[in-house]
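**Student:** Got a structure for you, written out below as structure tokens; questions coming shortly.
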């Protein structure tokens with residue numbers, strides 16, 4: 036796939052690493068042009084904001100507070116598929132700023148109704164993503180995928196599987212209201228509970 040990553044932080048870097056290893060064609064953009072070019076050099080990627088419009092997928096790897104601005108700057112065409120990995124966290128990362136009646140993903144979708152927003156990867160730490168999908172003892176890290184558009188969900192699921200991740204269909208986009216608190220619990224357990232960033236939530240399924 037031709038994939039644009041918006042954001043050059045820990046998650047953007049981890050995505051670049053794993054997507055490059057999976058053989059995708061990458062374009063990396065962000066507010067810090069120097070950092071974007073440095074990542075592009077590492078992962079044989081482009082750094083052209085205009086290429087985002089023709090990408091198969093857009094990975095929105097910015098902090099939640101920057102997400103709407105970043106998408107506005109990207110000027111994406113109608114129908115573009117955006118993978119929202121953000122979580123609406125407080126400054127200490129120990130609580131959510133959005134919940135119950137909405138979610139970060141729904142707010143982004145409402146701001147850009149012509150885009151196809153898919154919630155995914157928000158329950159995976161950057162360090163876990165960088166380390167890969169194999170978690171040891173035969174376990175594979177899952178990615179929960181929620182979207183209203185079936186085709187967009189299928190594209191994002193294909194991307195996740197290409198990197199070796201398991202995919203759990205989490206239903207419509209409104210179920211991001213469940214996934215974002217799940218990420219909040221994971222962050223608490225990782226940092227507040229001292230379990231570290233190699234952890235990830237999963238769902239046991241009857242074989």
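Numbering (my numbering), first residue to last: 36 to 242.
Each residue gets a CB set at the ideal place from its N, CA and C atoms; glycine is no exception.
1. In the DSSP assignment, find the unbroken alpha helix (DSSP H) run with residue 101 in it and report its ends.
2. Use the C-beta contact count for residue 53: other C-beta atoms within 10 angstroms, 16 or more gives buried, fewer gives exposed.
3. Taking buried to mean at least 16 other C-beta atoms within 10 Å of its own C-beta, is residue 215 buried or exposed?
4. Measure the beta-carbon distance from residue 133 to residue 118 and round it to whole angstroms, keeping in mind my assumption that it falls under 8 Å.
5. With a cut-off of 8 Å, do at least 3 Cβ pairs link the stretch 226-233 to the stretch 82-89?
6. What does DSSP give as the partner residues of residue 70 in its beta bridges?
7. Do you know offhand how far residue 101's Cα is from residue 45's?
8. What are the start and end residues of the beta strand (DSSP E) that includes residue 37?
9. Residue 149 and residue 113 look like a contact to me (Cβ under 8 Å); what is the Cβ gap, rounded to whole Å?
10. For residue 75, which residues from the same chain have a beta carbon less than 6 Å from its beta carbon, with the 5 sequence-adjacent residues on both sides left out?
11. I'd like to know if residue 52 contacts chain C, where contact means its C-beta is closer than 8 Å to some C-beta of that chain.
12. My output table needs one value for residue 149: the three-state DSSP class, helix, strand or coil.
13. Can you tell me the Cα-Cα spacing of residue 155 and residue 210, whole angstroms?
14. Going by C-alpha to C-alpha distance, which of 51, 237, 79, 60 sits closest to residue 170?
15. Cα separation between residue 193 and residue 152?
16. Indicate whether residue 208 and residue 140 have their beta-carbon atoms separated by less than 8 Å.
17. From residue 30 to residue 144, what distance separates their C-alpha atoms?
18. May I have the straight-line CA-CA distance separating residue 180 from residue 39, to the nearest angstrom?
19. With residue 170 as the anchor, note down where its beta strand (DSSP E) starts and where it stops.
**Tutor:** With the given structure in hand:
1. Translated into positions along the chain shown, residue 101 becomes position 66. Residue 101 -> alpha helix (DSSP H) spans 99-109.
2. Sequence index remark: in the chain shown, residue 53 carries index 18 (1-based). Taking every protein chain shown into account, the CB of residue 53 has 16 or more other CB atoms within 10 angstroms, so this residue is buried.
3. In the chain shown, the residue the question calls residue 215 occupies position 180. Its Cβ being crowded by 16 or more others within 10 Å, residue 215 is buried.
4. Taking the chain shown and counting its residues from 1, the one referred to as residue 133 is at position 98. Taking the chain shown and counting its residues from 1, the one referred to as residue 118 is at position 83. Taking a contact as a CB-CB distance under 8 Å, the pair residue 133 and residue 118 does not count as one, their CB atoms being some 18 Å apart.
5. Contact fails between the stretch 226-233 and the stretch 82-89, because fewer than three Cβ pairs, one in each stretch, are under 8 Å apart.
6. Locating residue 70 in the chain shown gives position 35, counting from the first residue. For residue 70, which the question treats as bridged, DSSP gives no partner whatsoever.
7. Locating residue 101 in the chain shown gives position 66, where the first residue counts as 1. Locating residue 45 in the chain shown gives position 10, where the first residue counts as 1. Taken atom to atom, the span from the alpha-carbon of residue 101 to that of residue 45 is near 15 Å.
8. Translated into the one-based positions of the chain shown, residue 37 becomes position 2. 37-41 is the span of the beta strand (DSSP E), which, as asked, contains residue 37.
9. Working through the chain shown from its first residue, we reach residue 149 at position 114. Working through the chain shown from its first residue, we reach residue 113 at position 78. Correct: roughly 4 Å between the Cβ atoms.
10. Residue numbering aside, residue 75 sits at position 40 when the chain shown is read from its first letter. So the qualifying residues of the chain are 63, 82.
11. Chain labels in this structure do not include chain C; a single protein chain is all it has.
12. Within the chain shown, the letter at position 114 stands for residue 149. In the structure shown, residue 149 falls within a coil segment according to DSSP collapsed to helix, strand and coil.
13. Position 120 of the chain shown, counted from the start, is the residue given in the question as residue 155. Position 175 of the chain shown, counted from the start, is the residue given in the question as residue 210. Straight-line Cα distance between these residues: approximately 11 Å.
14. The sequence position of residue 170 within the chain shown is 135, counting from 1. Nearest option by C-alpha distance: 237.
15. Numbered from 1 along the chain shown, position 158 holds the residue referred to as residue 193. Numbered from 1 along the chain shown, position 117 holds the residue referred to as residue 152. The straight-line gap from Cα to Cα measures roughly 15 Å.
16. Reading the chain shown from its first residue, position 173 is the one you call residue 208. Reading the chain shown from its first residue, position 105 is the one you call residue 140. The answer is yes: Cβ separation under 8 Å.
17. Given that the chain is displayed from residue 36 to residue 242, the structure contains no residue 30 and the question cannot be resolved.
18. Start at 1 with the first residue of the chain shown, and residue 180 comes out as number 145. Start at 1 with the first residue of the chain shown, and residue 39 comes out as number 4. Straight across, the Cα-Cα distance linking residue 180 with residue 39 is about 19 Å.
19. Here residue 170 is taken as the residue at index 135 of the chain shown, counted from 1. Its beta strand (DSSP E) spans residues 169-171.
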